[in-house]
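J.: Structure incoming, see below.
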Amino acid sequence: MKKELLNIALVGNPNSGKSTLFNALTGLNQKTGNFPGVTVEKHSGRVRIFNPRTSERHNVNFIDLPGTYCLFPKSLDELETYKAITDRNNDEYPDKIIVVADASNLKRSLLLCLQVLDLGIPTVLAVNMIDLLERSNLKLDTVRLAAELGIPVIPVNSRDRKGILELKQALFQEQVGEARLFEKPEQEYPELVTEELKQHTGSVNAYQAVLKAANYDLLSGESEVEGLKQILRKHGKTPFSLQSEESLRRYRMIETILDNCINQVTITRALDFTMKLDAVFTHPFWGFIIFLSVLFVVFQSVFSWAELPMDWIDNGFLMLSEQVSALLPAGAVNDLITQGILPGLGGIFMFIPQIAILFAFIAMLEDSGYMARVSFIMDRLLRKFGINGRSVIPLISGVACAVPAIMSARTIKNRKERLLTIFVTPLMSCSARLPVYTLLIAIAVPDQQFGFMNLKGIIMMGLYLIGFLAAIGTSWVMKWLIKSKERSYFIMEMPVYRMPQLRVVGLTMVEKVKVFIRDAGKIIVAISIVLWGLSSYGPGDRFSKIEAHYSDAEVVNELGEQEAARRMSSEKLRNSYAGIMGKQLEPVIAPLGFDWKIGIALVTSFAAREVFVGTMATIYGADGEDETGATLKARMRNDKHDGSGLPVFTIAASMALILFYAFAMQCMSTIAVVYRETGSRLWPVIQFVYMGALAWLAAFAAYTFLS
Numbered sequence: 054m055k056k057e058l059l060n061i062a063l064v065g066n067p068n069s070g071k072s073t074l075f076n077a078l079t080g081l082n083q084k085t086g087n088f089p090g091v092t093v094e095k096h097s098g099r100v101r102i103f104n105p106r107t108s109e110r111h112n113v114n115f116i117d118l119p120g121t122y123c124l125f126p127k128s129l130d131e132l133e134t135y136k137a138i139t140d141r142n143n144d145e146y147p148d149k150i151i152v153v154a155d156a157s158n159l160k161r162s163l164l165l166c167l168q169v170l171d172l173g174i175p176t177v178l179a180v181n182m183i184d185l186l187e188r189s190n191l192k193l194d195t196v197r198l199a200a201e202l203g204i205p206v207i208p209v210n211s212r213d214r215k216g217i218l219e220l221k222q223a224l225f226q227e228q229v230g231e232a233r234l235f236e237k238p239e240q241e242y243p244e245l246v247t248e249e250l251k252q253h254t255g256s257v258n259a260y261q262a263v264l265k266a267a268n269y270d271l272l273s274g275e276s277e278v279e280g281l282k283q284i285l286r287k288h289g290k291t292p293f294s295l296q297s298e299e300s301l302r303r304y305r306m307i308e309t310i311l312d313n314c315i316n317q318v319t320i321t322r323a324l325d326f327t328m329k330l331d332a333v334f335t336h337p338f339w340g341f342i343i344f345l346s347v348l349f350v351v352f353q354s355v356f357s358w359a360e361l362p363m364d365w366i367d368n369g370f371l372m373l374s375e376q377v378s379a380l381l382p383a384g385a386v387n388d389l390i391t392q393g394i395l396p397g398l399g400g401i402f403m404f405i406p407q408i409a410i411l412f413a414f415i416a417m418l419e420d421s422g423y424m425a426r427v428s429f430i431m432d433r434l435l436r437k438f439g440i441n442g443r444s445v446i447p448l449i450s451g452v453a454c455a456v457p458a459i460m461s462a463r464t465i466k467n468r469k470e471r472l473l474t475i476f477v478t479p480l481m482s483c484s485a486r487l488p489v490y491t492l493l494i495a496i497a498v499p500d501q502q503f504g505f506m507n508l509k510g511i512i513m514m515g516l517y518l519i520g521f522l523a524a525i526g527t528s529w530v531m532k533w534l535i536k537s538k539e540r541s542y543f544i545m546e547m548p549v550y551r552m553p554q555l556r557v558v559g560l561t562m563v564e565k566v567k568v569f570i571r572d573a574g575k576i577i578v579a580i581s582i583v584l585w586g587l588s589s590y591g592p593g594d595r596f597s598k599i600e601a602h603y604s605d606a607e608v609v610n611e612l613g614e615q616e617a618a619r620r621m622s623s624e625k626l627r628n629s630y631a632g633i634m635g636k637q638l639e640p641v642i643a644p645l646g647f648d649w650k651i652g653i654a655l656v657t658s659f660a661a662r663e664v665f666v667g668t669m670a671t672i673y674g675a676d677g678e679d680e681t682g683a684t685l686k687a688r689m690r691n692d693k694h695d696g697s698g699l700p701v702f703t704i705a706a707s708m709a710l711i712l713f714y715a716f717a718m719q720c721m722s723t724i725a726v727v728y729r730e731t732g733s734r735l736w737p738v739i740q741f742v743y744m745g746a747l748a749w750l751a752a753f754a755a756y757t758f759l760s
């Protein structure tokens, strides 16, 4: 009977091109989620594939599993891959598996492939990056390799989409793949009774039973764990001996297979080119200079290229608000849409160009192989501050979002370094801060060029460097407070350099923009609506008294109709619920140059930092102090302090506010994930207090110095 949906999992070593192949197989039909009960990201995509054997189309769900070297997991990512292909109760348990192998390192890839075959799951081997062999005049005999393994073997180049159609068709081929190492377990393990293990674990597959015995520390049932320990002790085995003995036997098999299928591997041209580039890119001095130059180009481009489309979007929403206001009858519904919802939406869409450009650069750096070099050169620096090169991945990921960045720290095996990385990652300037930086820099910093350099771009890069310096400085202090005798090491495989694939870059941009609109957008719009309500209504009869005062004929004649309306809107905002809330905070933030309107934004920003822009748009939309048709930047630039009449957003106040957002822990999601990852309330509390104090002091120093 034809199954309605086929689950096909992609497994492979890190840097084998598995995710690129997944993108090629699924295109834009992807979704991102988490594995049940954990926070490791999962990608899946559904497509329809033609079956040439039956002339039917099948619904296929491709699942991109985290990279792993073998089925003996050492990290949370590897654990989720192990569980996904061994737990038959899993809703997405694979009907078939595509093992993605790196053509330049087939020996290591075949270790995982043979393990999967022993699980008895129908398998297809996709030999990726086959062009690396071809450039060295080496040829892999895929027909012979398929005969040796008993499964389809398809050479592919996922970056150029070569072999994708053949791979899809191979999913429906008949295959005779057999378990290799455990087909006669009594001969391979004469002292270990696999039937006893199978009976204890309830596994029908011999290798699955052995894996449970080797990974018993990952199981939750105490009785099952104790039983496995007894069986291993009975036969003089340990989890380590099971893994080491199996690996040695498998590698002997792999060497025999490869001797029959491929010539002696020599250095490829791509690898030779990589080694020459690494002599410069990983140099102790020039490596840092090149990295800083790359960052400089990125942030110059982010600010310069995005400025024009951002202005278009900002003006577009302004025109839309005016048109909607003219079409709808005056009243609460009109005000809600034009002063609450549309400004909130404008605060989302206005920053899409910058987010898209930033993530395009990050995707290109990752796809080219350069990010791995950044980890390597930074290891020498970071070790002096209590962390190592593996912490670079969470820190760089923190430029996008602190939440997944903190989750990625799970791959750091040293507990002290993992805690330090979690503690300092929120100091990295995430994409949620980018809208705040952009808006305030555009208001306060003049549009000045120094040759090809833009002053705004220089300041933007400086803010990211300040975040990094604060992170490693904090780590240096904390390393003396957290005691640990656990030794640390850093091992990372360097992929060869490759030209970034535009398709991958495009998919990354689309995915990140979708996440921003979906996750941040709904929060911003919701808070914008709430803020509109808080700023449009006040306690008691305050509003009616204000309206009566400024509607008085004498007042209107004295001030003029337009000025009276302006003052009435401003007075009503100050006496609204939002205004009262901001006034309560003003004594605390006044030394920083902030007024009560900024105080409201600081409070709402704890939901998400980027809410600041939507808050400002809503407040200044309800204020009505500026001329009709003014953009948000114009309204903020022209705003004055009550009483003194001085501008609110001076250079001093704007830079103080930027530094406050650079350091403050204004993200409830980050606080929640720190609590979940550390298992302690103490860490998020310390983070919140420390980062809040640092933000206030930095803002106070900046305002005092620049005033």
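So the mapping is simple: my numbering equals the position in the sequence shown, first residue as 1, plus 53.
Built from N, CA and C at the ideal position, the CB exists for glycine as well.
#1: My parser needs the beta strand (DSSP E) runs of 3 or more residues fully inside the stretch 102 to 154; what are they?
#2: Are the beta-carbon atoms of residue 474 and residue 462 separated by less than 8 angstroms?
#3: For the beta strand (DSSP E) containing residue 177, name the first residue and the last one.
#4: Do residue 69 and residue 128 count as a contact pair if the criterion is CB distance below 8 angstroms?
#5: Below 8 angstroms between beta carbons: does that hold for residue 557 and residue 176?
#6: Could you name the residues of the same chain whose beta carbon sits closer than 7 angstroms to that of residue 624, not counting the 5 residues immediately before and after it, in chain order?
#7: Does residue 510 come out as helix, strand or coil in the three-state DSSP assignment?
#8: Going by the CB atoms, is the gap between residue 554 and residue 487 shorter than 8 angstroms?
#9: Which stretch, first to last residue, makes up the beta strand (DSSP E) that contains residue 62?
#10: Closer than 8 angstroms by C-beta to residue 110: which residues in its own chain qualify, once you throw out the five before and the five after it? Chain order, please.
#11: If you count every other CB in all the chains shown that lies within 10 Å of the CB of residue 641, and 16 or more means buried, which is it?
#12: Just to confirm, are residue 259 and residue 281 a CB contact at a threshold of 8 angstroms?
#13: From residue 471 to residue 444, what distance separates their C-alpha atoms?
#14: If you draw a straight line from the alpha carbon of residue 677 to that of residue 582, how long is it in whole angstroms?
#15: If distances are taken between C-alpha atoms only, which option among 108, 125, 121, 98 comes closest to residue 114?
#16: Do you know how far the Cα of residue 118 is from the Cα of residue 86?
#17: With DSSP collapsed to three states, give me the class of residue 207.
#18: Do you know whose CA, among 489, 77, 178, lies nearest residue 64's CA?
#19: Counting along the chain, where does the alpha helix (DSSP H) carrying residue 658 start and finish?
#20: Taking the alpha carbon of residue 107 as the point to measure from, which residue in 493, 226, 723 has its own alpha carbon closest?
#21: Alpha carbon to alpha carbon, how far is residue 748 from residue 714?
#22: Which residue or residues does DSSP assign as beta-bridge partners of residue 215?
#23: Closer than 8 angstroms is the cut-off here; do at least three beta carbon pairs connect the stretch 376 to 393 with the stretch 350 to 364?
#24: Please identify the residue among 511, 209, 491 whose C-alpha is closest to the C-alpha of residue 346.
#25: For residue 562, I'd like the list of residues in its chain whose CB is within less than 6 angstroms of its CB, leaving aside the five on either flank, ordered along the chain.
#26: Distance, Cα to Cα, residue 215 vs residue 181?
#27: What is the rounded straight-line gap between the Cα of residue 497 and the Cα of residue 341?
#28: Sort 719, 622, 604, 116 by Cα distance to residue 58 and report the nearest one.
#29: My understanding is that residue 629 touches residue 388, with C-beta atoms under 8 angstroms, so please give their C-beta distance in whole angstroms.
#30: If residue 449 and residue 417 are in contact, beta carbons under 8 angstroms, what's the gap, nearest whole angstrom?
#31: In the structure shown, what three-state DSSP assignment does residue 427 receive?
#32: Run the CB neighbour count on residue 615, radius 10 Å, all protein chains shown included, and call it buried at 16 or more, exposed below.
#33: Using DSSP's beta-bridge definition, name the partner residues of residue 693.
#34: Going by DSSP in three states, residue 554 sits in which element: helix, strand or coil?
#35: Use the C-beta contact count for residue 157: other C-beta atoms within 10 angstroms, 16 or more gives buried, fewer gives exposed.
T.: Answer, in terms of the structure:
#1: 109 to 117
#2: Contact flag set, yes.
#3: 176 to 181
#4: no
#5: no
#6: 599
#7: helix
#8: no
#9: 58 to 65
#10: Once the five neighbours on either side are set aside, the close Cβ partners of residue 110 are 101, 102, 103, 104.
#11: exposed
#12: no
#13: Cα to Cα, the separation comes out at about 8 angstroms.
#14: Confidence at residue 677 is low in this model, with a pLDDT of 48, below 50, so its placement is unreliable and the value that follows should be read with caution. Going from the Cα of residue 677 to the Cα of residue 582 covers about 17 angstroms.
#15: 98
#16: Since pLDDT at residue 86 reaches only 48, below the 50 mark, its modelled position is unreliable, and the value read off the structure follows with that caveat. Near 12 angstroms, if we compare the C-alpha coordinates of residue 118 and residue 86.
#17: Judged by DSSP in its simplified three-state form, residue 207 adopts strand.
#18: Looking at the Cα atoms, 178 is the closest of the given residues.
#19: Residue 658 -> no alpha helix (DSSP H), and no H or E assigned at all.
#20: Each of 493, 226, 723 was checked against the Cα of residue 107, and the nearest Cα belongs to 226.
#21: 7 angstroms
#22: 210
#23: no
#24: 511
#25: 409, 412, 413
#26: 10 angstroms
#27: 31 angstroms
#28: Residue 58 has its Cα closest to that of 116, out of 719, 622, 604, 116.
#29: Going by Cβ atoms, the distance from residue 629 to residue 388 rounds to 13 angstroms, so no, they are not a contact pair.
#30: Not a contact, Cβ separation roughly 14 angstroms.
#31: helix
#32: exposed
#33: 700.
#34: Reduced to three states, the DSSP call for residue 554 is coil.
#35: buried
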